[in-house]
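Participant: Residue numbers (this note's numbering), protein chains in the order written: chain V, 1 to 295; chain X, 296 to 690. A virtual CB, placed ideally from N, CA and C, is assigned to each residue, including glycine.
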Amino acid sequence: MNTLILITTHDELALDCFVEEYNRNECVVISTEAGAHRRAKEVGLPSQLITSVLAESPRERDECFAELAMPGVFEDIKFASTDLDVADVLSIDRLSFWYGGVNAGNIADMILALDWQRLVTVLDIHHPLPLLLVQHAKESIAICSDWSRELSDIKLNFDKIITTEETRPFLEKRFNGTIETRKGKAIGQIDFQRRVGLRSGLGIAENERVTGVIYDKEFDWAVRYFVQSHRGNFIFFTEDERSKELLPRCIPDAVRYDINMAPICDEFIAFGYKPYLRKYRDKVKIIDMLGADTQ
Amino acid sequence: MKIVAFIGREHHALKMGNALRLLNERGHEVIYLCAENATNQDPASEFIRNYTVNWRHAYDYLDVRTSAAEIDAIVNDARHFSANQQLLKYTSPFWISFSIREAATCIVAFRNMIATENPDAVICLHGANYWARMLFYLAQDAGIKTFAFQEGLLRQRDQETMGKQASSAKFVDTLFTWSESDKQAYLSAGVDESVIRPVGPSHLDYAIQVRNSPDWEQGKAGLKRRFGYPQGKIISFMPPLSSHYKGDLRQDIAVLQDYANQRGEHLYVRLHPFEYRLRDYLQKAMPAVRFDKGADSVPLLLSSDAVITQHSTIGIEALFLGIPLFEIDMANTGIEQSLEPMGVPVIRTNGLSLLHEYEGYNQELKDWISNSFSLADGRSTERIANIVESEVGNE
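(1) Just to confirm, are I402(X) and A416(X) a CB contact at a threshold of 9 Å?
(2) Under 7 Å Cβ-Cβ, which residues of chain V neighbour R565(X)?
(3) Please check if any C-beta of chain V sits within less than 9 Å of the C-beta of L383(X).
(4) Which residues does DSSP pair with H352(X) in a beta bridge?
(5) For H498(X) versus G527(X), is the C-beta spacing smaller than 9 Å?
(6) Strictly below 8 Å CB to CB, what residues from chain X border R242(V)?
(7) Among A437(X), A364(X) and V325(X), which one has its Cα closest to the Cα of R351(X)?
(8) Going by DSSP, name the residue or residues bridged to P48(V).
(9) Could you name the residues of the same chain whose beta carbon sits closer than 7 Å to that of L49(V), not counting the 5 residues immediately before and after it, in chain order?
(10) Quick check: the Cα distance between V359(X) and M289(V), rounded to an integer number of angstroms?
(11) Three-state secondary structure (DSSP) at T8(V)?
(12) So, does the stretch 220-227 of chain V touch the stretch 250-262 of chain V, judging by three or more C-beta pairs under 8 Å?
(13) Please classify D543(X): does DSSP put it in a helix, a strand, or coil?
(14) What are the start and end residues of the beta strand (DSSP E) that includes E684(X)?
(15) Tell me, please, which residues DSSP counts as bridged to L620(X).
(16) Residue range of the beta strand (DSSP E) that C144(V) falls in?
(17) Using a Cβ cut-off of 8 Å, pull out every chain X residue sitting near F79(V), in sequence order please.
(18) Does chain X have any CB closer than 9 Å to the CB of L6(V)?
(19) Given this structure, state the Cα-to-Cα distance separating T294(V) from K459(X), to the nearest angstrom.
(20) For T164(V) versus T178(V), is the C-beta spacing smaller than 9 Å?
(21) So, using beta-carbon positions, are S607(X) and E570(X) closer together than 9 Å?
(22) Can the beta-carbon of A502(X) be found less than 9 Å from the beta-carbon of L597(X)?
(23) Using a Cβ-Cβ distance under 9 Å, would V86(V) count as near chain X?
(24) Rounded to a whole number of angstroms, what is the C-alpha to C-alpha distance between N332(X) and Y22(V)?
(25) With a threshold of 7 Å on Cβ separation, who are the neighbours of R337(X) within its own chain once the five nearest residues in sequence on each side are excluded?
(26) Under 9 Å between C-beta atoms, does I92(V) make it to chain X?
(27) Is there contact between the stretch 205-221 of chain V and the stretch 159-174 of chain V, where contact requires at least three CB pairs shorter than 8 Å?
(28) Tell me whether the stretch 642-651 of chain X and the stretch 373-392 of chain X touch, counting them as touching only if at least three CB pairs, one residue from each stretch, are closer than 8 Å.
(29) Residues bridged to I286(V) by DSSP?
(30) Judging by CA-CA distance, which residue of G559(X), P636(X), Y540(X) and V467(X) is the nearest neighbour of M625(X)?
(31) Okay, do the stretch 53-69 of chain V and the stretch 86-95 of chain V touch, 3+ Cβ pairs below 8 Å being the bar?
(32) Compare the C-beta of P568(X) with all C-beta atoms of chain V and state if any pair is closer than 9 Å.
(33) Using a Cβ-Cβ cut-off of 6 Å (strictly less than) and excluding sequence neighbours within five positions of L133(V), which residues of its own chain qualify?
(34) Are there 16 or more other CB atoms within 10 angstroms of the CB of A373(X), so buried, or fewer, so exposed?
(35) Buried or exposed for W511(X), going by 16 or more other Cβ atoms inside 10 Å?
(36) Helix, strand or coil: how does DSSP classify H37(V) here?
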């Protein structure tokens, strides 16, 4: 069987697996993203970068989208417990913005025209191809470095997923195929040894309980709900620039510290799984109040 | 009367603000309802507290003990779409999966909100909106009157390709339009006549009143000071979304800036509110150009001595306010739904001199405006409040 190594985004764990795969089997290596393609070349993979720049007018694009999803694939499909068409909600004011148009279809067609039966790829849910091509493969392997909240709701049809020890428990709940575990790339861990020194610097007594709340814009309501409905000594931390900007606007009385101050906390609360949570180790508790099974 | 108004983004609050304020002043309880905004790059909670209104988040109506199971039931029923071959050829599974869960959460939250608040009316900016569609459906299902607005310029292409105008009236009892001619566009799209109520552009009522007041010149001088240019003309370039813009946006800004500089006039650029990243990028790349960053376009519109655009709601708003309007087509590719046949001058290559040769609206344009914009009299808000009271009261 010929193997297609499909690279849609850069991922260190996946790159190691791709090199192993290339050394073992007959492979064609295709990248769809320039940065990932360059990195693949650097480690000796004969990556071919595929792009598509066909011209498409807004009218042509809208017409094709309407055929695909208005109602198209959603014909006669309603949200459970309602008489509300799925297309009415999802299509015109959401998926139409993210529709890849003729170029997305063209790239898929080019890859589908190649001679391959086995797929090895990164489990990139921000790109259509990994989950599209898996359904055309006789055998398929995906590399999943980190869990995400949205993966909980996606049907994973791969035969095998290679993942890290941290992600394995999430996958075991949702995936029936083979799971192989590798050592994940280390990320900077919080040095909790600095707790005493930092606490004394801030005048916080040793026995005073401090909870770190991780404000991520994606979970804005959940954070605000939590701090309004719980009492405690909360210190806020952010992990991206936009969340840092939003925190004082959305929770005006929030006390935010730089991540260097994290060791002062006894525990951390987050509201949905994100890869950056790994650095908080076992001190982080994820509370997902909206039902996604990410625990 | 209790009214729930959905405010998903700041322009919803700005466009519906006058009508909601008047309804509130007339003694009706108005709840401003918001929700999460997809991945919350721009959450409503960022701006809504500045409006000092009675606002609630839809998710506050979720029951943390029971709602998760209800949400999961809806998600599990639809999650197979994230593996749908036809969709996956063109769309990332992330957005399929994310949007299904967000919709499921909103359906449960909105349903609980309706049961808790038992409103008499639900008002949203436009019915084709992701959140409004669910809220309108659930409200109608509960026997509650639903009201929507014309969001902006009606683009023929949107109706011809995606049926947007017809779709925006779905689950809507009353649709407020800006003019009689817009009513005709909705009728042509197949919307039932009984639903459509031409009322005028209520969001511009105060601006129209100010523009028509005897003290207008003094007011305009004050506004121009606010924009940093008390002297000299302000020329505002307000293009549509860059993906819809015909021509080279950056080059056209540079040409306009150069022209304004040569004449001692001042260029202000205001991009579509969704394009704040592009705006910040261009601001760094073109530090001499002034970009308007305000949430509301009306102050800059009122300060402008000329507005340049291309197939955009802002162009119609400029005409409503009697501001000299120009379309731009420097690439000579033609503009979608150009207003040139109605008498709006088009700036083409080497045609910038039009900006200072302008002598006011020509007769053709005056006739078109008086025929099409007769409801732009500064009293649209009052008409809306009267209709809401009468239709809800008649039930």
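Facilitator: Reading from the atomic positions:
(1) Using a Cβ distance threshold of 9 Å, I402(X) and A416(X) do not count as a contacting pair.
(2) Ordered by position in chain V, no residue passes the 7 Å Cβ test against R565(X), which lies about 22 Å from the chain.
(3) Residue-level contact by beta carbon holds for L383(X) and chain V, with a gap shorter than 9 Å.
(4) For H352(X), the pairing in a beta bridge is given by DSSP as C329(X).
(5) It is not a contact, given that the beta carbons lie outside the stated cut-off.
(6) Within chain X, the residues Q336 have their CB atoms less than 8 Å from the CB of R242(V), given in chain order.
(7) The residue among A437(X), A364(X) and V325(X) with its C-alpha nearest the C-alpha of R351(X) is V325(X).
(8) Position check: residue 48(V) holds Gln in this sequence, whereas Pro was assumed. As DSSP reads the structure, Q48(V) sits in a beta bridge with I30(V).
(9) Answer for L49(V): S31, A34 and H37, listed in chain order.
(10) Approximately 6 Å between the Cα atoms of the pair.
(11) Correct three-state label for T8(V): coil.
(12) Verdict: yes, contact present.
(13) For D543(X), the three-state secondary structure derived from DSSP is coil.
(14) E684(X) -> not in any beta strand (DSSP E); alpha helix (DSSP H) instead, spanning S675 to G688.
(15) The partner list for L620(X) (beta bridge, DSSP) reads V602(X).
(16) E139 to C144 is the extent of the beta strand (DSSP E) around C144(V).
(17) Correct list: I369, D372, A373, A398, A399 and I402.
(18) Closer than 9 Å: no.
(19) Only weak support exists for where T294(V) lies, its pLDDT of 44 falling under 50; the value from the coordinates is given anyway. T294(V) and K459(X) have their C-alpha atoms spaced approximately 37 Å apart.
(20) No. Outside cutoff.
(21) No, Cβ-Cβ distance for S607(X) and E570(X) is not below 9 Å.
(22) L597(X) sits close to A502(X), with the two beta carbons spaced by under 9 Å.
(23) Cβ-Cβ to chain X under 9 Å: yes for V86(V).
(24) If you take the alpha carbons of N332(X) and Y22(V), they lie about 42 Å apart.
(25) Per the sequence presented here, residue 337(X) reads as Asp, with Arg not at that position. Once the five neighbours on either side are set aside, the close Cβ partners of D337(X) are R304.
(26) Yes, because at least one Cβ of chain X sits closer than 9 Å to the Cβ of I92(V).
(27) Cβ pair count under 8 Å is below three, so no.
(28) They do not touch, by the three-pair rule.
(29) The partner list for I286(V) (beta bridge, DSSP) reads A270(V).
(30) Ranking G559(X), P636(X), Y540(X) and V467(X) by CA distance to the CA of M625(X) puts Y540(X) first.
(31) As far as the Cβ criterion goes, the stretch 53-69 of chain V touches the stretch 86-95 of chain V, which means the pair count is three or higher.
(32) Not closer than 9 Å to any Cβ of chain V, the Cβ of P568(X) fails to qualify, so no.
(33) Taking L133(V) as the centre and dropping the five residues before and after it, the same chain places the C-beta of L119 closer than 6 Å to its C-beta, in chain order.
(34) Residue environment for A373(X): buried (at least 16 other C-beta atoms within 10 angstroms of its C-beta).
(35) Exposed, because fewer than 16 other Cβ atoms sit within 10 Å of the Cβ of W511(X).
(36) It is helical.
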